[in-house]
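For reference, the structure discussed in these notes is given below.
In structure tokens form, the structure reads like this:
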């Protein structure tokens, strides 16, 4: 069954698009990722024009981020003040990114640049993950514990001026690196259609030394508004948001996310059951003894 996408100007198999949205939604629900870095290249592989894939794929990031941010807000693990500072940089970066997006489209190099950025981006992320895994396995083989942080040690980031106290996060930090991080994520969101949480979260933890318990919720807070802003501006200036494609992806993503959450809970339950079986004595204790032959 095919359906015509008015902005992309091509007909697609609706079941393939539903499958893509459901698969990314499933992973989002199971692992808590926004999915923008997956759905955009998948759409490009399916011959959706990159300009449409980037602008439309951001809708799914908005949908998945809202539910997560609400949950963290209710739990008290969202620093609104810190998120607002990130948002200032994010909106500025998104504005600059959309300008770059329009410029590349005008000179006819947008499709090439987006494809190259994804090749470099995904290759770098995959390479770093592989390197970290290899190093972790080597440390485990040598029984080496992770290097502890030196008490009282301060990163260069913490020596910058314009410091502000964030009571929720219990940190006293310069707004310069926070705004810069938001700015960089904003550019990535507008050009590549990604939420950027998989970059922002480790940067907030390891570079800015923000407590882990507020990082995810605060990151989602910023992502919601930056991706929504990007989608609206892209639709108004570049006319690149395909509402039909966006609706199909969002419906499939919501359904897939529900099953992803359930499977994630099922996997967790199985793991807990196995862990309990290792430490709790069984109801019937017995042993097997090899008897001597006559």
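Numbering (the working numbering), first residue to last: 27 to 320.
Ideal Cβ placement from N, Cα and C applies to all residues, glycine included.
Note that the structure is predicted; figures quoted are calculated from it, not measured.
Cβ neighbour criterion (16 or more within 10 Å) applied to residue i
i: residue 86; result: buried
i: residue 135; result: exposed
i: residue 263; result: exposed
i: residue 195; result: buried
i: residue 255; result: buried
i: residue 223; result: buried
i: residue 217; result: buried
i: residue 253; result: buried
i: residue 187; result: exposed
i: residue 91; result: buried
i: residue 153; result: exposed
i: residue 166; result: exposed
i: residue 151; result: exposed
i: residue 238; result: exposed
i: residue 155; result: exposed
i: residue 63; result: buried
i: residue 32; result: exposed
i: residue 127; result: buried
i: residue 247; result: buried
i: residue 95; result: buried
i: residue 52; result: buried
i: residue 133; result: exposed
Collapsed DSSP secondary structure at residue i in the structure displayed
i: residue 38; result: strand
i: residue 192; result: strand
i: residue 104; result: coil
i: residue 30; result: strand
i: residue 223; result: helix
i: residue 134; result: coil
i: residue 164; result: helix
i: residue 234; result: coil
i: residue 266; result: coil
i: residue 211; result: helix
i: residue 85; result: helix
i: residue 99; result: helix
i: residue 74; result: coil
i: residue 239; result: helix
i: residue 179; result: Interpretation of residue 179 is limited by its pLDDT of 49, a score under 50 that renders its predicted location unreliable; the figure taken from the coordinates is listed afterwards. Here residue 179 sits in coil by DSSP.
According to DSSP, residues forming a beta bridge with residue i
i: residue 199; result: 190
Proximity to residue i [Cα-Cα], best of the options
i: residue 97; options: 146, 36, 244; result: 244
i: residue 43; options: 205, 28, 32; result: 28
i: residue 119; options: 168, 213, 281, 249; result: 213
i: residue 71; options: 156, 145, 194, 165; result: 145
i: residue 199; options: 206, 191, 282; result: 191
i: residue 148; options: 241, 40, 220; result: 220
i: residue 129; options: 77, 155, 109; result: 77
i: residue 259; options: 114, 125, 113, 74; result: 125
i: residue 250; options: 50, 30, 109, 210; result: 109
i: residue 208; options: 193, 35, 113, 65; result: 113
i: residue 38; options: 69, 111, 49, 50; result: 69
i: residue 206; options: 168, 34, 116, 164; result: 116
i: residue 121; options: 40, 35, 100, 210; result: 210
i: residue 193; options: 257, 248, 240, 65; result: 240
i: residue 197; options: 246, 226, 235; result: 235
i: residue 35; options: 75, 49, 277; result: 75
i: residue 242; options: 45, 47, 66, 99; result: 99
i: residue 282; options: 45, 40, 30; result: 45
i: residue 143; options: 168, 133, 66; result: 66
Near the ligand HEM: residue i beta-carbon under 6 Å from a heavy atom
i: residue 118; result: Summarising the ligand content, the structure contains no ligands, and the ligand HEM is consequently not present.
> Between the segment 99 to 107 and the segment 154 to 161, do three or more beta carbon pairs fall short of 8 Å?
Replying inline: No: the two stretches stay apart, fewer than three of their Cβ pairs being nearer than 8 Å.
> Touching or not, the segment 126 to 140 and the segment 224 to 239, by the rule of three or more beta carbon pairs under 8 Å?
Replying inline: With the cut-off at 8 Å, the segment 126 to 140 and the segment 224 to 239 do not touch.
> At a cut of 8 Å, does the segment 265 to 274 reach the segment 70 to 83 through at least three beta carbon pairs?
Replying inline: yes
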